[in-house]
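In UniProt numbering, the protein residues as written are 1 to 714.
Every residue, glycine too, gets a C-beta built ideally from N, C-alpha and C.
So the structure is just underneath, and the comments pick up after that.
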């Protein structure tokens, strides 16, 4: 849509940003850490007061941080943003701190998308704070900006290490304000990052920063004249959208964090506390902590929680945060809470019902695993943006160690620039995973999306519509009854963390069973060439050859028996299951990663042969008489020297990594225990080969002279 809202019905606009008057004020936010109250408040340059919202947002705060600090900050996040609702113009992105790098401009269309994504649509049940996430693709600039982006890619700027999208973590506050025409204000603080797989970490960061930011921002502006949300500047000269000292302090805290090392547990200082965070290792799955047999992680329902009238919280919070897992357990989001939980907190039916899950059975959960694995489009419908977004984050992680390669949106709204592409047409794009709270999107997608997961049924829904998974596909994988029984027992006791661990471990086993035939086939692809002259090449992946291997060796994946396919009578259900995966974006991404890994293994074997190969035998043959062309010898000498230089650079890079007490000593990619000695061994081999070359030249010269003498004598 590119920001054009002409096709959006006015009724939808009314629904989106005209919720009813809020309930009584929420409980006060928790007090800030004493050390954090001494930071000076940020100020906007008041000369920017007359600029348009777009220009003001691009300019950001006047007190910009040092370039070196902002560079360190962007290892983890890009910036913070402040979004406010203006009654006349709608959502406004008023401030970015620090300003984004020049290679990542925020054009007006992206700013508008961020603004609309950061103020939730629909009727929020109460005043107070609501937390959720969104994901927006970064538009590709053209012209000079495009060239600047290419330079950023080549220079390895930190924000380029993401998935090509912005990930926003929103702390939305709705409060009474008699000074405004609506009677209340709506504002959001947003953490914007390029890292796609750390919802547990950044949700924890914002749950600390959000209350502190709005508490101290209110304190600093108390007693001043009412603020104009249109101009962004109050009578006292302070910007209404100014970030405040908490955001500045948070930014400097994050800039002090160590580098992001996969497979480590990091201790990250943040606003007077320390977050112990477990970083996932590449595509490997993470389990909720504590594990199943290390105590319980029972859930209790609390009124006035973040994300709705009644939200879950851990009664025994795990000391370490799994960075890739959403805060709310999956089994709580998808299963009804035990009656004792809601009764113990005296919640009314209306307030607690929004927290009850859609009662997804274990069998339906297996079907969801299949749908995500095979790249089927899924629409998630929720009553508030947090629940839907967390379900989306959980779903895309169910197939690890396969990485979900589709387009997923934890919060999708009618103003998104991709609205027409993702909801229009007769068939949605493959591997699309959307979560929405807007009935308009549900009605638009209900005829085209084959799988709809309802976490919520609105008051205007037709009678008989229930929560749950509606799918056109039948499940193929058999249910493991013992695992199902264990999961149901733990859910019944409210031990949702243990239930989640069982679920994720079982699905990880299924994924490994599914990948086994593919990995077995890949083992046949590398060439058996053991020559030193050049690295061997691998054969390409061929679906027909893989299916032949699959028919021969089978798969341990426990599939249910099914009737023959009318469209493909010659293929089995197992073959059709794998063929569906081979056509999905998930396979394309997995194949690329697998080919890279296979190439690395082939290269490592070749380097070992270069290090220890018998160069005399290579040059002269077993009998010592064959010899090599001099050009071939020079080429191998050059290759040995280049590989030695590469090994030296890898070693230097690994030694220059910042150290931290909380970071384990992981080698950087391409570096192993042999790297320190490999460069020297390769140089020795190059010197040895040059010596053999000179020896060969001398021998050749001697033969020539001997031949000439005989000729003269004759």
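{"Asked": "Three or more C-beta pairs below 8 angstroms linking the segment 379 to 389 and the segment 491 to 505", "Found": "no"}
{"Asked": "Test item: CB-CB of residue 73 and residue 251 under 7 angstroms", "Found": "yes"}
{"Asked": "Ranges of the beta strand (DSSP E) found wholly within the segment 500 to 586, counting only runs of at least 3", "Found": "none"}
{"Asked": "Burial state of residue 416 (16 or more Cβ within 10 Å)", "Found": "buried"}
{"Asked": "Contacts around residue 448, its chain only, beta-carbon distance under 6 angstroms, and the 5 residues preceding and following it disregarded", "Found": "428"}
{"Asked": "Distance CB(residue 507)-CB(residue 369) smaller than 7 angstroms", "Found": "yes"}
{"Asked": "Length of the line joining the Cα atoms of residue 635 and residue 605", "Found": "19 angstroms"}
{"Asked": "CA-to-CA distance, residue 278 to residue 620, given in whole angstroms", "Found": "55 angstroms"}
{"Asked": "The segment 503 to 520 touching the segment 282 to 289, judged by at least three CB pairs closer than 8 angstroms", "Found": "yes"}
{"Asked": "One or two residues paired with residue 97 in a DSSP bridge", "Found": "80"}
{"Asked": "The segment 435 to 449 contacting the segment 540 to 548, beta-carbon criterion three pairs below 8 angstroms", "Found": "no"}
{"Asked": "Expected contact under 8 angstroms - CB spacing of residue 205 and residue 118 to nearest Å", "Found": "Between residue 118 and residue 205 the Cβ distance is about 16 angstroms, and since that is not below 8 angstroms, they are no contact."}
{"Asked": "Complete alpha helix (DSSP H) runs within the segment 427 to 485 (minimum length 4 residues, chain order)", "Found": "439 to 445"}
{"Asked": "Euclidean distance between Cα positions of residue 503 and residue 162", "Found": "28 angstroms"}
{"Asked": "Cβ-Cβ distance between residue 374 and residue 581 below 7 angstroms", "Found": "yes"}
{"Asked": "When 76, 499 and 488 are compared against residue 255, the one with the closest alpha-carbon", "Found": "76"}
{"Asked": "Other residues of its chain near residue 200: CB distance less than 8 angstroms, five sequence neighbours each side excluded", "Found": "277, 321, 322, 323, 324, 325, 326 and 327"}
{"Asked": "Collapsed DSSP secondary structure at residue 193 in the structure displayed", "Found": "strand"}
{"Asked": "For residue 86, the three-state DSSP class (helix, strand or coil)", "Found": "strand"}
{"Asked": "Euclidean distance between Cα positions of residue 473 and residue 450", "Found": "8 angstroms"}
{"Asked": "Residue 286 (DSSP reduced to helix, strand or coil)", "Found": "coil"}
{"Asked": "Three-state class that DSSP yields for residue 178 in the structure shown", "Found": "coil"}
{"Asked": "Cβ-Cβ separation, residue 79 to residue 98 (assumed contact under 8 angstroms), whole Å", "Found": "6 angstroms"}
{"Asked": "Straight-line gap, residue 193 to residue 268 (C-alpha atoms, nearest Å)", "Found": "17 angstroms"}
{"Asked": "At least 3 beta-carbon pairs within less than 8 angstroms: the segment 463 to 470 vs the segment 401 to 413", "Found": "no"}
{"Asked": "Nonlocal neighbours in the same chain, by C-beta distance under 6 angstroms from residue 697, ignoring five residues either side", "Found": "none"}
{"Asked": "Proximity below 7 angstroms, CB of residue 383 to CB of residue 456", "Found": "yes"}
{"Asked": "Nearest to residue 171 (by Cα), restricted to the options 693, 187 and 180", "Found": "187"}
{"Asked": "Residue interval of the alpha helix (DSSP H) (run including residue 257)", "Found": "Here residue 257 belongs to no alpha helix (DSSP H), and DSSP marks it neither H nor E."}
{"Asked": "Residues that residue 606 bridges to, as DSSP identifies them", "Found": "None, per the DSSP bridge assignment."}
{"Asked": "C-beta contact flag for residue 164 and residue 136 at 7 angstroms", "Found": "no"}
{"Asked": "7 angstroms Cβ cutoff met for residue 573 and residue 513", "Found": "no"}
{"Asked": "Closest by C-alpha distance to residue 86, when choosing among 184, 140, 594 and 168", "Found": "184"}
{"Asked": "N- and C-terminal bounds of the alpha helix (DSSP H) containing residue 69", "Found": "67 to 73"}
{"Asked": "Reduced DSSP category for residue 646 - H, G, I as helix; E, B as strand; rest coil", "Found": "helix"}
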